[in-house]
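Chemist:
Number of protein chains: 2
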Amino acid sequence: MTLSEEDYIKAIYHIGKGENTTVSTNSVAEEMDTKPSSVTDMVKKLSEKGLVNYKPYKGVSLTEHGQKTALTLVRKHRLWEVFLVEKLDFSWDEVHEVAEQLEHIKSEKLTDSLDKLLGYPEVDPHGDPIPSKKGEFKKAIKKLLSEVPIGKSGVCVGVKDSSAPFLKFLDKNNIALGDAVLVMDKEEFDGSLHIRIGDRDIHISQQIASNLYLKITE
Amino acid sequence: MTLSEEDYIKAIYHIGKGENTTVSTNSVAEEMDTKPSSVTDMVKKLSEKGLVNYKPYKGVSLTEHGQKTALTLVRKHRLWEVFLVEKLDFSWDEVHEVAEQLEHIKSEKLTDSLDKLLGYPEVDPHGDPIPSKKGEFKKAIKKLLSEVPIGKSGVCVGVKDSSAPFLKFLDKNNIALGDAVLVMDKEEFDGSLHIRIGDRDIHISQQIASNLYLKITE
DNA sequence: ACAAATTTTTAGTTTTGTCTAAATTTAATT
DNA sequence: AATTAAATTTAGACAAAACTAAAAATTTGT
Ligand SMILES: [Mn+2]
Ligand SMILES: [Mn+2]
Ligand SMILES: [Mn+2]
Ligand SMILES: [Mn+2]
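Now the structure itself:
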């Protein structure tokens, strides 16, 4: 498997949100930042290799084999992200780019030893679940903060928008993964929220709330 | 810098044994397991990029810039080797292949954090010195065991032949990096040695002795 | 149902890195 | 010094992965 092939497999997996749906040529092109014609070419090749199902004009989906490949890549990507944060003191917004390279290193022993070193983590620094060696993982039970009802509380486990600017905003406002959050009140007018985070009461906009994931605790 | 370009730079560096000598097209081809014509093409490109000095029919050498690039690659390669052995329990003979991939990961922060995590090691698992961030390193003061005079002792710091079969032989015979070795006697007839390693007295052939490096201690 | 808009594919190029076969230069021998 | 051998480069071809422009299929709107 070449690096490029792997990135395509991963893109198809991600667009389908983990469930094995059929995705369009254009959506893959957009995700990968390439042209649709390039996608067509690659998808034909992947089809011949038995990694995807492809019918011209009808979209692509992963085969059993492709699915397994995607899970391995996601596993590697997220394990490396944990490594970078836990062992090398990287911050949220720095890990993705490097993990994008590290996920392509070919060594099953490396992946599994890393998993062990990190204590078999179940989620990555963005709150996304890490597939086990067998490809199993708990479907994330995370909810957007904007959809959490008043009175409920949870733990901050991830972001929807993982762009550097947003992550930097969170850093600046002292909102971090693992923080306990209680939804105290919601403004009907603009959807902004009053929340208690740690021991601080703060007020955040709807836009922020709809990009932060909580794992509901009660 | 592409992965392939980096591997060429490294090959030129290694053939020149770290000193900046001019090396032949053929030697690069052999080291890289490619054809001489491919080397010519690549060397032209590297020359245009200012990484090597190249005169047709006269061989290649690294420029200042190329030298620096080579040192960075060697640094990354060897740091990853230490990481694999120290943190992930890889053995001598397993690290090279994986490090060959990891050395190409682009992130200065990653390299330097790794260096810190490992406690700024000075040698890799094969006894080869690791360049510092600034590109400085102590020239190895290692000597082939076969050339150590009778009565002298040292610490096993590396191998000349780093092929898997040889490394496996050492494992099997309980000879490891860091072991203290005393040369007790030498057979004139076949050059074989009687050595004390740890608390064991053993007899090794000239062939083995000429592939093991010691750092002389007294 | 038909025309217009959109999506997707095909055809033809480009760049990178490799190869083979042939030509050229340099080195070694007589 | 001439010939032979070895090393190196050139020329031409190919596979991978991308692109642009044009053609074909599908979807949408009326
Ligand atoms: Mn990637
Ligand atoms: Mn992530
Ligand atoms: Mn390499
Ligand atoms: Mn090494």
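So the protein sequences, as listed, match chains A and B.
Those letters in the first sequence? Residues 1 to 218, per full-length UniProt numbering, in order.
Those letters in the second sequence? Residues 1 to 218, per full-length UniProt numbering, in order.
Note that the Cβ used here is the ideal one computed from N, Cα and C, for glycine as well.
Since the model is a prediction, treat every value here as computed from it, not as a measurement.
Report the three-state DSSP secondary structure of residue 14 of chain B (helix, strand or coil).
Modeler: Translated into positions along the second sequence, residue 14 of chain B becomes position 14. Helix, per DSSP.
Chemist: Using a Cβ-Cβ cut-off of 6 angstroms (strictly less than) and excluding sequence neighbours within five positions of residue 167 of chain A, which residues of its own chain qualify?
Modeler: Here the question's residue 167 of chain A lines up with position 167 in the first sequence. The answer, listed in chain order, is 92 and 93.
Chemist: Tell me, please, which residues DSSP counts as bridged to residue 154 of chain B.
Modeler: In the second sequence, residue 154 of chain B corresponds to position 154, counting from 1. The partner list for residue 154 of chain B (beta bridge, DSSP) reads B/181 and B/216.
Chemist: Where does residue 129 of chain B sit, in a helix, a strand or coil, going by DSSP?
Modeler: Within the second sequence, residue 129 of chain B is the residue found at index 129, counting from 1. Strand, per DSSP.
Chemist: Taking the CB atoms as reference points, tell me whether residue 6 of chain A and residue 62 of chain A lie closer together than 8 angstroms.
Modeler: Within the first sequence, numbered from 1, the residue matching residue 6 of chain A stands at position 6. Within the first sequence, numbered from 1, the residue matching residue 62 of chain A stands at position 62. No, they are not a contact pair.
Chemist: What does residue 143 of chain A pair with, by DSSP beta-bridge criteria?
Modeler: By one-based count along the first sequence, residue 143 of chain A stands at place 143. DSSP, once it has assigned bridges, lists A/214 as partnering residue 143 of chain A.
Chemist: Against chain B, which members of the region 99-111 of chain A pass a CB distance test of less than 9 angstroms?
Modeler: Result list: 101, 102, 104, 105, 106, 107, 109 and 110.
Chemist: Distance, Cα to Cα, residue 27 of chain B vs residue 145 of chain B?
Modeler: Taking the first residue of the second sequence as 1, we reach residue 27 of chain B at position 27. Taking the first residue of the second sequence as 1, we reach residue 145 of chain B at position 145. Taking the straight line joining both Cα atoms gives about 28 angstroms.
Chemist: Taking the alpha-carbon of residue 101 of chain A as reference, which of B/100, B/99 and B/104 has the nearest alpha-carbon?
Modeler: Locating residue 101 of chain A in the first sequence gives position 101, where the first residue counts as 1. Ranking the options by Cα distance to residue 101 of chain A, first place goes to B/104.
Chemist: Should residue 2 of chain B and residue 25 of chain B be called a contact, given that it needs their Cβ atoms to be closer than 8 angstroms?
Modeler: Indexing the second sequence from 1 puts residue 2 of chain B at position 2. Indexing the second sequence from 1 puts residue 25 of chain B at position 25. Cβ atoms of residue 2 of chain B and residue 25 of chain B: not closer than 8 angstroms.
Chemist: Assign residue 114 of chain A to one of three DSSP states: helix, strand, or coil.
Modeler: Taking the first residue of the first sequence as position 1, residue 114 of chain A is located at position 114. Helix at residue 114 of chain A.
Chemist: Just to confirm the assignment: which complete beta strand (DSSP E) runs, minimum length 3, are found wholly within the region 185-212 of chain B?
Modeler: Here the runs fully enclosed are 193-197 and 200-204.
Chemist: Using a Cβ-Cβ cutoff of less than 6 angstroms, which residues in the same chain neighbour residue 197 of chain A once the five nearest sequence positions on both sides are dropped?
Modeler: For the purposes of this step, residue 197 of chain A is taken as the residue at position 197 of the first sequence. Closer than 6 angstroms at the Cβ level, and outside the excluded window around residue 197 of chain A, lie 179 and 181.
Chemist: CB of residue 104 of chain A to nearest heavy atom of ligand 1: below 7 angstroms?
Modeler: Counting from one through the first sequence, the residue named residue 104 of chain A turns up at place 104. At least one heavy atom of ligand 1 is nearer than 7 angstroms to the Cβ of residue 104 of chain A, so yes.
Chemist: Return the Cβ separation of residue 114 of chain A and residue 79 of chain A in integer angstroms, given the expectation that the two are a contact with Cβ distance under 8 angstroms.
Modeler: Mapped onto the first sequence, residue 114 of chain A falls at position 114. Mapped onto the first sequence, residue 79 of chain A falls at position 79. With a Cβ gap of about 5 angstroms, residue 114 of chain A and residue 79 of chain A count as contacting.
Chemist: Within the same chain, show all residues whose beta-carbon is closer than 6 angstroms to that of residue 69 of chain B, passing over the 5 residues directly before and after it, in chain order.
Modeler: Working through the second sequence from its first residue, we reach residue 69 of chain B at position 69. So the qualifying residues of the chain are 9.
Chemist: Contact check, residue 156 of chain A vs residue 212 of chain A under 8 angstroms by CB: the rounded distance?
Modeler: Locating residue 156 of chain A in the first sequence gives position 156, counting from the first residue. Locating residue 212 of chain A in the first sequence gives position 212, counting from the first residue. The pair is a contact, with the Cβ atoms about 6 angstroms apart (cut-off 8 angstroms).
Chemist: Specify, as a first and last residue, the run of the beta strand (DSSP E) that residue 20 of chain B falls within.
Modeler: Translated into positions along the second sequence, residue 20 of chain B becomes position 20. Looking at the DSSP string, residue 20 of chain B is not in any beta strand (DSSP E), and its letter there is neither H nor E.
Chemist: At a threshold of 7 angstroms, does residue 196 of chain B count as lining ligand 2 (C-beta to nearest heavy atom)?
Modeler: Residue numbering aside, residue 196 of chain B sits at position 196 when the second sequence is read from its first letter. Because no heavy atom of ligand 2 lies under 7 angstroms away, the Cβ of residue 196 of chain B does not count as near it: no.
Chemist: Between which residues of its own chain and residue 190 of chain B is the CB-CB distance below 7 angstroms, once the five residues before and five after are set aside?
Modeler: Looking up residue 190 of chain B in the second sequence gives position 190. Same-chain partners within the cutoff: 206.
Chemist: Taking C-beta pairs closer than 8 angstroms, name the residues in chain A that residue 114 of chain B reaches, listed in chain order.
Modeler: Along the second sequence, one-based indexing puts residue 114 of chain B at 114. Result: 88.
Chemist: Could you give the distance in angstroms between the alpha-carbon of residue 111 of chain B and the alpha-carbon of residue 150 of chain A?
Modeler: As a first step, residue 111 of chain B must be located in the second sequence, where it is residue number 111. As a first step, residue 150 of chain A must be located in the first sequence, where it is residue number 150. So the alpha carbons of these two residues sit roughly 46 angstroms apart.
Chemist: Tell me whether residue 7 of chain A, by its Cβ, gets closer than 7 angstroms to a heavy atom of ligand 1.
Modeler: One-based indexing of the first sequence puts residue 7 of chain A at position 7. Flag set: Cβ of residue 7 of chain A near ligand 1.
Chemist: Is there at least one non-hydrogen atom of ligand 4 closer than 7 angstroms to the beta-carbon of residue 81 of chain B?
Modeler: To locate residue 81 of chain B, count along the second sequence from 1; it is residue 81. Yes, the beta carbon of residue 81 of chain B sits closer than 7 angstroms to at least one heavy atom of ligand 4.
Chemist: Do residue 203 of chain B and residue 192 of chain B have their CB atoms nearer than 8 angstroms?
Modeler: The sequence position of residue 203 of chain B within the second sequence is 203, counting from 1. The sequence position of residue 192 of chain B within the second sequence is 192, counting from 1. Yes.
Chemist: Taking Cβ to Cβ, would you say residue 217 of chain A is nearer than 8 angstroms to residue 153 of chain A?
Modeler: For the purposes of this step, residue 217 of chain A is identified with residue 217 of the first sequence, where counting begins at 1. For the purposes of this step, residue 153 of chain A is identified with residue 153 of the first sequence, where counting begins at 1. Going by C-beta atoms, residue 217 of chain A is nearer than 8 angstroms to residue 153 of chain A.
Chemist: What number of angstroms, rounded off, separates the C-alpha of residue 143 of chain B from the C-alpha of residue 215 of chain B?
Modeler: What you label residue 143 of chain B is simply residue 143 of the second sequence in a count that begins at 1. What you label residue 215 of chain B is simply residue 215 of the second sequence in a count that begins at 1. When rounded, the distance between both Cα atoms is 6 angstroms.
Chemist: Please look up how many angstroms separate the CB atoms of residue 177 of chain B and residue 127 of chain B, rounded, as I've assumed it's under 8 angstroms.
Modeler: In the second sequence, counting from the first residue as 1, residue 177 of chain B sits at position 177. In the second sequence, counting from the first residue as 1, residue 127 of chain B sits at position 127. Yes, residue 177 of chain B and residue 127 of chain B are in contact; Cβ-Cβ is about 7 angstroms, under 8 angstroms.
Chemist: I'd like to check one pair, residue 97 of chain B with residue 125 of chain B: are the Cβ atoms closer than 8 angstroms?
Modeler: On the second sequence, position 125 is the one that residue 125 of chain B refers to. On the second sequence, position 97 is the one that residue 97 of chain B refers to. It is not a contact, given that the beta carbons lie outside the stated cut-off.
Chemist: Who pairs with residue 8 of chain B in a beta bridge, going by DSSP?
Modeler: Mapped onto the second sequence, residue 8 of chain B falls at position 8. None; residue 8 of chain B has no bridge partner.
Chemist: Given 7 angstroms as the limit, tell me if residue 14 of chain B has its C-beta closer than that to any heavy atom belonging to ligand 4.
Modeler: Start at 1 with the first residue of the second sequence, and residue 14 of chain B comes out as number 14. No - ligand 4 has no heavy atom lying nearer than 7 angstroms to the Cβ of residue 14 of chain B.
Chemist: In the DSSP assignment, what are the bridge partners of residue 60 of chain B?
Modeler: Position 60 of the second sequence, counted from the start, is the residue given in the question as residue 60 of chain B. B/23 and B/54.
Chemist: Within 10 angstroms of the Cβ of residue 175 of chain A, are there 16 or more other Cβ atoms? Answer buried if so, exposed if not.
Modeler: Your numbering for residue 175 of chain A matches position 175 in the first sequence. Buried, by the Cβ-count rule.
Chemist: Can you tell me the Cα-Cα spacing of residue 140 of chain B and residue 86 of chain A, whole angstroms?
Modeler: For the purposes of this step, residue 140 of chain B is identified with residue 140 of the second sequence, where counting begins at 1. For the purposes of this step, residue 86 of chain A is identified with residue 86 of the first sequence, where counting begins at 1. Roughly 34 angstroms separates the two Cα atoms.
Chemist: For a contact defined as C-beta to C-beta under 8 angstroms, what are the partners of residue 117 of chain A on chain B?
Modeler: Locating residue 117 of chain A in the first sequence gives position 117, where the first residue counts as 1. Simply 87 and 88.
Chemist: So, at 6 angstroms on beta carbons, what are the nonlocal neighbours of residue 161 of chain A in its own chain, with the 5 sequence-adjacent residues on each side left out?
Modeler: To locate residue 161 of chain A, count along the first sequence from 1; it is residue 161. Same-chain partners within the cutoff: 211.
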